[in-house]
Amino acid sequence: MAHHDRGEHSPEIIDPTQYWDDRYTRPDNIWTGHVNKVLAEVAGQLPVGRALDLGCGEGGDVIWLAKQGWQATGIDISTNAIARARKAAENEGLAENQARFIAGDLSELALADEFSLVSASFFQSPVALDRFRILRQASQLIAPGGYLLLTSHAIMPHHPHTETMVTPKEEVAGLALDPDAWRLQTAELRTRTHTFRNGDTAELSDSVVLYQRL
Ligand SMILES: C[S@@+](CC[C@H](N)C(=O)[O-])C[C@H]1O[C@@H](n2cnc3c(N)ncnc32)[C@H](O)[C@@H]1O
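So this is what it looks like as structure tokens:
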């Protein structure tokens, strides 16, 4: 994932749908369109099944999953992002039952489906986001034996950022999943070199948390 625009925002006064729709209206795609590396590594080891991507943006992760044989669903608050994701899936020749996209606010959506993987890649926002409540609700959609994968910005030095950072420890504490019902498989920081669109590079650390539902 790449960041191209940043600014100061007050979470209290900016409507999240409006904020994200505005960002996804700008002419260039915000993200690279490539799958996030951690998701590819983790999902690449799992038997294919039904996957849900929270805050799917322009659909890079969902499209990659669908191309691996998963029945993948992506949800995002921005209808503009979802329109871009649908177009990208169509360009890849993917059908709706392979890569499905839903526009909606995850804090209000009631899904009844069951998934073997729920993933959230950088599901973070500079404006209001009831993140842990959404993640906990989404975890209830995971079938026994299925996985919850959270890849999140933890440290972004030398770069002005407004998204809320989260360490693996904070992620685990915020989720507060029942240890009798969930096995924590990974909770670690992973560092990568990121190249911004203007050519600047930065060492970023991501929090990677992987749970399996028992
Ligand atoms: C930092 S972006 C990450 C996008 C994508 N997962 C990626 O890795 O490139 C966060 C995404 O979460 C979405 N989002 C923010 N709040 C949301 C909410 N309440 N419900 C659904 N999506 C939301 C935004 O529209 C945005 O696409």
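If you count by this note's numbering, then the sequence shown holds residues 89 to 302, one letter each, in order. In this text, a Cβ means the ideal position worked out from N, Cα and C, and glycines have one as well.
For a cut-off of 8 Å, the C-beta gap from N168 to Y112 is around 4 Å, short enough to register as a contact.
Of the candidates V130, I102, G147, the residue whose Cα lies closest to the Cα of N117 is G147. Judged by beta-carbon spacing, T252 lies beyond the 8 Å limit of F210, meaning their Cβ atoms are not closer than that value. The shortest CA-to-CA distance from W158 to any of S204, K175, I170 is the one to S204.
Within 10 angstroms of the beta-carbon of D164 lie 16 or more other beta-carbons, which makes it buried. Rounded to whole angstroms, the Cβ separation of D141 and G121 is 14 Å, and the two are not in contact under 8 Å. W270 and A200 have their C-alpha atoms some 20 Å from each other.
Secondary structure at Q225: helix, using DSSP grouped into helix, strand and coil. Ranked by how close their Cα comes to the Cα of L236, the residues D218, A139, R285 have A139 in first place.
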